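Worksheet: one structure, shown below.
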Amino acid sequence: METIKNYLETMFSSIPDTPQSRKAKQELLSMMEDKYNELMASGMPENEVIGTIISEFGNAEELKELLGQSQESTAVELVKDFPNEKVITGRRIISTDEALHYISDVSSSRSVLGLGVFLCILAPIGPILGSGLGDIFFLSLFSGVFTALGIAILFLCVAVGVGFILVSASKSKAWEFLEKEPCALAFEAEPSVQSELISHQETKTFMLALGVLLCIVSVVPVTFFGIISFIDFFTEALGPALIFPLVGAGVFCILNSTRTTSPCETLLELKNKP
Amino acid sequence: MQEISSDVIRGYNDTIILFFLRKEPSYGYEISKNIKAVTDNKYLIKETTLYSAFTRLEKNGYITSFVKEADNGKKRTYYQITDSGDKYYQEKCEEWRLTKDVIERFINS
Numbered sequence: 210m211e212t213i214k215n216y217l218e219t220m221f222s223s224i225p226d227t228p229q230s231r232k233a234k235q236e237l238l239s240m241m242e243d244k245y246n247e248l249m250a251s252g253m254p255e256n257e258v259i260g261t262i263i264s265e266f267g268n269a270e271e272l273k274e275l276l277g278q279s280q281e282s283t284a285v286e287l288v289k290d291f292p293n294e295k296v297i298t299g300r301r302i303i304s305t306d307e308a309l310h311y312i313s314d315v316s317s318s319r320s321v322l323g324l325g326v327f328l329c330i331l332a333p334i335g336p337i338l339g340s341g342l343g344d345i346f347f348l349s350l351f352s353g354v355f356t357a358l359g360i361a362i363l364f365l366c367v368a369v370g371v372g373f374i375l376v377s378a379s380k381s382k383a384w385e386f387l388e389k390e391p392c393a394l395a396f397e398a399e400p401s402v403q404s405e406l407i408s409h410q411e412t413k414t415f416m417l418a419l420g421v422l423l424c425i426v427s428v429v430p431v432t433f434f435g436i437i438s439f440i441d442f443f444t445e446a447l448g449p450a451l452i453f454p455l456v457g458a459g460v461f462c463i464l465n466s467t468r469t470t471s472p473c474e475t476l477l478e479l480k481n482k483p
Numbered sequence: 037m038q039e040i041s042s043d044v045i046r047g048y049n050d051t052i053i054l055f056f057l058r059k060e061p062s063y064g065y066e067i068s069k070n071i072k073a074v075t076d077n078k079y080l081i082k083e084t085t086l087y088s089a090f091t092r093l094e095k096n097g098y099i100t101s102f103v104k105e106a107d108n109g110k111k112r113t114y115y116q117i118t119d120s121g122d123k124y125y126q127e128k129c130e131e132w133r134l135t136k137d138v139i140e141r142f143i144n145s
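Chains A and B supply the protein sequences, listed in that same order.
Just so you know, we're using our numbering here: the first sequence kicks off at 210 and counts up by one.
Just so you know, we're using our numbering here: the second sequence kicks off at 37 and counts up by one.
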């Protein structure tokens, strides 16, 4: 199949790269691919398959005639089929590979950011639980140890959290040019980005709903232990402390809900930017 | 073996394609395969000819195209005949009957 792709590339090498010629190439390749698969399945040796396909393809003259002929009406067709095509000139073109790379970079950077924020929100849990546990033991030695441990956890969480946030920022640095330079998504990359966007739409809604739910639910433990206060530790430490991981997880979900859809939208919007 | 002259058949490639599309929407390779089958391998349409016919027919509003995914996940452009395409097909059939009638008179038998 590689031979056929190369053959087609050669055939198109003298033809200007326009939306029409790209579409023609795509369609011709699709037909040749069908033929290739069928002939191969019939047991014909591959070199014969390739020979047959190339001999039945037609000729470069016909190709030029076809694409030349459609050029008479390009003005109209361009506007109709590719309203944005004319804007693409003079912009940095983002290829399919680059686009997919960008999407995966943004989404991993979002996850790391979410983790960082989660840890920062989680941090107060240390002192709260520390002093709560400290209160259980009346011996001042234990009490002091727990309080100190709690504060240590606070700083550790914040430090690691901020570290993650910084890492996430540096990860997206490489793609800053998307904001600064005029860019456009390559014509053939659009379908894959579109499908990526559509396939993650459901996850986005789900994550967002889950995030909001977690934030709301975060006050449940503290309320519950407040009403039914049979153990002081639960009412004063565990209940309030649980707010933080729940809110943290909620914020994580909300931040990550758009981790794939938002880079897709950015890419698709590129060509509309001035 | 005597080969079919592409000059003669050129004016009827559109008719041939519309003939198949009148039955059901179809895609490039399927049409080329059907042409081969119906003509007992006497006429092999070239890919470039076929594609240029599709673009011409679509430009004239005789067919429309849509993308459909096959069972194996491959996306193909399918073509569908329009009402004016059907009318055009009828006209071409009429034209051919006339042409055939005229040319027949000059063919020695």
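Glycine is no exception: its CB is placed at the ideal position from the N, C-alpha and C atoms.
All figures in this text were calculated on a predicted structure; none of them were measured in a lab.
Problem - Simplified DSSP assignment, three categories, for B:A106 - result: coil
Exercise for the section: Tell me whether A:T356 sits in a helix, a strand or coil according to DSSP, three-state version. Expected result: helix
Problem - Neighbour list for A:E265 in chain B, Cβ cutoff strictly below 8 Å - result: L80, K82 and E83
Exercise for the section: Taking A:F355 as the reference, give the member of A:S471, A:L248 and A:G341 with the closest Cα. Expected result: A:G341
Problem - Cβ-based burial, A:K480 [other Cβ within 10 Å; buried from 16] - result: buried
Exercise for the section: Identify every residue that forms a DSSP beta bridge with B:Q116. Expected result: B:T100
Exercise for the section: Determine the contact status of B:T75 and B:Y98, defining contact as a CB-CB distance below 8 Å. Expected result: no
Handout entry: Length-filtered (4 minimum) alpha helix (DSSP H) runs lying within the region 213 to 275 of chain A
Key = 228 to 250 and 255 to 264
Practice task
Could you work out which residues of chain A lie near B:Y87, taking near to mean beta carbons separated by less than 8 Å?
Solution key: A233, E236, L237, M240 and L275
Problem - Pairwise C-alpha distance: A:E211 and A:S239 - result: 13 Å
Problem - Contacting positions in the region 210 to 224 of chain A - beta carbon closer than 8 Å to chain D - result: The chain labelled as chain D is not found among the protein chains of the depicted structure, namely A and B.
Exercise for the section: Can you tell me which of B:G121, B:T100 and B:T113 puts its alpha carbon nearest to the alpha carbon of B:I52? Expected result: B:G121
Exercise for the section: Determine the direct distance from the alpha carbon of A:G252 to that of B:S101, and round the result to whole angstroms. Expected result: 32 Å
Exercise for the section: Please compile the residues from chain B whose C-beta is within a distance smaller than 8 Å of the C-beta of A:E271. Expected result: K82, T84, T85 and S88
Problem - Within 8 Å, strictly: CB atoms of A:G459 and A:C424 - result: yes
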